[in-house]
Amino acid sequence: MSGADAGPVGTASGPGPAPAGGAAAAARADAVSDARVSRDAAELRFRDPRRARELASALEGVCRQIGRSPVSVMHVCGSHEQSIAKFGLRAILPDPLDVIMGPGCPVCVTDIPEVDEAVALAQDGVRIASYGDMLRVPGSAGSLSDAQARGAKLDVVYSPADAVELARGTDEEIVFFASGFETTAVATAAVLLDDPPPNFSVLSSHKYIPPVMEIVAEMPHTRVEGFLAAGHAAAITGSAIFERFVDRHGLPVVVAGFEPLDILAGLLTLVELIRDGTPAVVNAFPRCVTPEGNRNAQGQLWRVFRTTGGRWRGIAHVPNGNLRLRDEFARFDARRRFEIDVRRLWDYAPSQLTQVCICGDIMAGIAAPTDCPLYGEACRPDTPVGACMVSTEGTCRIWHQYGGHPDL
Amino acid sequence: MERSVEGRAAGAGGTGARGNGSGPGVADAVTLNHGAGGVPMRLLIEETLSAGYLDHPVDGIGLAAMDDGAALRLPGGTWLVLTTDSHVVHPYRFPGGDIGRLAVAGTVNDLAMMGATEPLGLTCALILEEGFPRAELEAVQASMVEACREAGTTVVTGDTKVMGRGEVDGIVLNTAGVAVTSRVVTDAGLRPGDRIVVTGTVGDHGIALMARRHDLEFDEELLSDVAPINALVRAALEAGGEDVVALKDPTRGGVASALHEMAEKARVSITVREPEVPVRPSVRAAAEILGLDPFHIANEGKALVGVRPGAVDAVLAALRAHPLGAEAAVIGTCGEDHPGRVVLDTGLGRRLLTEPIGEPLPRIC
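Protein chains in written order, with the working numbering: chain A, 1 to 408; chain B, 1 to 365.
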């Protein structure tokens, strides 16, 4: 994918071959159509312990058939990790199955120079609006929150629309420091297409997930044999977008939702594909995801953004991994509206602790939070060292919140 | 004795008040996290606030036990139980109660958590900001009177100060209480095999406040559970006798912090069956929307009761027969593995139930 043509793979072909072993699909269909669940249906349908046990036992069987350990799969979404940790799913997964969280936290992969740009703007007196998590992500000279303590003007917003509202109510320049994957980038695109006020601009650190999967798949130390793709992102991009990846790398991709049974069913399909040596894209979240995705949202996304290469914090330079504003929207691009000088921030010495932090290895899936000497000691949610402990989508933060992954 | 019932939540996004990489203990200055229950607060008390007091001998249960109150031995084999609480809450009137009801219930309940369910009397110290409306003060007063009536006690002495505008935020209340009991129940009496009973639904108080602060509305109104529960606890003690071995009210830090303290002090593990824990659907929904865990949310009218297995049925029946205990449930079992840890069986899997760090804040992004 490159430049202006980096839009979605627009083929509306089917979701790939049917799941090799139908157990997962059957279990899901069963769960969805279970007629007994009249009271509090959603809860029982997606959080039914009996179904969970059946799926766990099927996973056990498939891993036994694969007959080696570990069988490593990666998901690329903080919401998947939240669900896995919150419901304690790792305790019922078979021992050989290693479910790793990859670079699935947009806040965490925001690169230090990107944070520096926002901090420099804030220190120049420009009012910055951003999501709460972004305030505490450390740059080379501290975070936006540190800048705020020194007098910078910051506003926490819940959406780009809130930032636009803020701009409409003032003559001050408002810069929306935008983070998130293609899901949240659509919301940013939507406000830029809806005639925002002239004092509004966007500092985009939006990232695009499909290219980083290629990077992870090609990492020399990777053990990843298949990917669980994030259902909400695929609702926008469509599941077919992963077909090129599957063709190129020979690894299966299963699109999964976020309820515990969604995840277990998705994992079952994924290990079945691994067992059968069938690299394919399977959509295990058909109630929300179609092969072609949300065309309207894609249209908005690619009218406003183009992909460029850029660093993802701690991981690598990711070709086409960053979303930047197209030339037509230059007047709303904070990078072009302001002269942002980040060099003066470099006088500050970064904390020595950040040299110890292994966020990059954790996000690349080659280390676990518990491999880091700072985890839970010097690095805690109230005193985060690395970005993975800052964001509620970060692996370290999630493990800390839900007690990590001890042998229970 | 060590509680102040409700710290004011830090604003969303915080204000850059971060520690100096020194973990949750006290760095150069006190932060809001030190007032939110949980680990930072415990460290503040252990490292700073109890320093110097612990050398003096105490005949009974004193500061070192870090329990809900103190119990001092009286001649004749009975115990004088006393406790004190300061109360600041924002907003000071909230769905289901106000700061006055909170103060009386908090103090009465702390006495009850020591096994002393018949308070002899309360004290009330009041700090008011210049300009505080008289009508509001009368409303707070009326709800204190009502809560005292429910608890079967009254305020017997007090103190009042008025500060200048801006020197204090509206109203600050301190209440202390005394009671005499023949048997003290601590929060440290668990052993493997014991059951944990919760006296009702979890998370109501904190979620009601949070929903009010964030203007969330639900079909079913979210109400604080704030209430004196000494009569309810008395029913459990009468039914279970010596087999009621531990009591704790899950206030700030919620059920998670309370269970942790109980597990750590007794060196047992506690396995909680999440599907058995009563949570109102509206509380569950609000918590999920706000990204909060009902186990981390404060309760002001609930108790966790540790019971020997043989007495569980009798205690549960006695609790359920009381209007405030209709939804009491057995939620957990004590074990030997993982001493000091609380394991949550989610029904789908298992994980550790962690203590909250700082005031739970709604998810932002």
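Cβ coordinates follow ideal geometry from the N, Cα and C atoms, glycine included. Just so we're clear, the structure is a prediction, and the values are computed from it rather than from any experiment.
Across the structure, R244 (chain A) and V73 (chain A) are spaced so that their CA atoms are roughly 19 Å apart. For D85 (chain B), the three-state secondary structure derived from DSSP is strand.
In the displayed model, L126 (chain B) falls within a strand according to three-state DSSP. A buried status is given to H80 (chain A), since no fewer than 16 other beta-carbon atoms sit within 10 Å of its beta-carbon. Of all C-beta pairs linking the segment 287-297 of chain A to the segment 227-238 of chain A, three or more are shorter than 8 Å, placing the two stretches in contact. Note that the C-beta distance between V245 (chain B) and R308 (chain B) is below 8 Å. Annotated three-state conformation of H322 (chain B) is coil, per DSSP. Under the DSSP assignment, V246 (chain A) falls in the alpha helix (DSSP H) whose first and last residues are E243 to H249.
Per DSSP, N199 (chain A) lies in no alpha helix (DSSP H) and is assigned neither H nor E. Taking CB atoms only, T354 (chain B) has a neighbour in chain A less than 8 Å away. Below the 9 Å Cβ cutoff, chain A contributes D382 as neighbours of N33 (chain B), in chain order. Contact between V255 (chain A) and G226 (chain A) is absent: CB atoms are separated by about 12 Å, not below the 8 Å threshold. Following the DSSP letters along the chain, one finds R223 (chain A) in no alpha helix (DSSP H), marked with neither H nor E.
Within chain A, the residues whose beta carbon sits less than 7 Å from that of T346 (chain B) are F87 and G88, listed in sequence order.
Spatial neighbours of I297 (chain B) in its own chain (CB-CB distance under 6 Å, excluding positions within 5 residues in sequence) are listed in chain order as G203, G206, I207 and G254. At a cut-off of 8 Å, the C-beta of G349 (chain B) has a neighbouring C-beta in chain A. T199 (chain B) is classed as buried because its beta carbon has at least 16 other beta carbons within 10 Å across all chains shown.
Between the segment 190-199 of chain B and the segment 284-295 of chain B, the count of C-beta pairs closer than 8 Å stays below three; the two stretches do not touch. Neighbourhood of G291 (chain B) in chain A, by CB distance below 8 Å: T392, in chain order. A:I274 is the residue among A:P220, A:D247 and A:I274 whose C-alpha sits nearest the C-alpha of S69 (chain A). Annotation: the continuous alpha helix (DSSP H) that includes P160 (chain A) extends over P160 to R168.
Using beta-carbon distances, G403 (chain A) counts as an interface residue toward chain B, with a partner under 8 Å.
I99 (chain B) has its alpha-carbon roughly 6 Å from the corresponding atom of R93 (chain B). Each residue's CA atom was taken as its position, placing L135 (chain A) and V99 (chain A) some 30 Å apart. Nearest to L55 (chain A) by alpha-carbon distance, out of A:D262, A:G67 and A:P210, is A:D262. Relative to D48 (chain A), the option among A:G293, A:V62, A:L264 and A:D407 whose CA is nearest is A:L264. Within chain B, no C-beta atom comes less than 7 Å from the C-beta of A230 (chain A); the nearest is roughly 15 Å away.
Within chain A, the residues L408 have their CB atoms less than 7 Å from the CB of V343 (chain B), given in chain order. Contact annotation for R47 (chain A) against chain B: G347 and L348 [CB-CB distance below 8 Å, chain order]. If you draw a straight line from the Cα of H75 (chain A) to the Cα of F176 (chain A), it comes to about 29 Å. Shortest Cα-Cα distance from P197 (chain A) to any of A:R168, A:R306, A:V385 and A:V115 involves A:R168. With 16 or more other Cβ atoms inside 10 Å of its own Cβ, L232 (chain B) counts as buried.
One Cα belongs to V39 (chain B), the other to S143 (chain B), and the distance between them is close to 33 Å. For secondary structure counted as the beta strand (DSSP E) over 3 or more consecutive residues, the segment 262-328 of chain B holds these complete runs in sequence order: 269-273 and 304-307. Residues of the same chain with a CB within less than 7 Å of the CB of D333 (chain A), apart from the 5 flanking positions on each side, are S201, V202 and L325 in chain order. Below the 7 Å Cβ cutoff, chain B contributes L348 as neighbours of P260 (chain A), in chain order.
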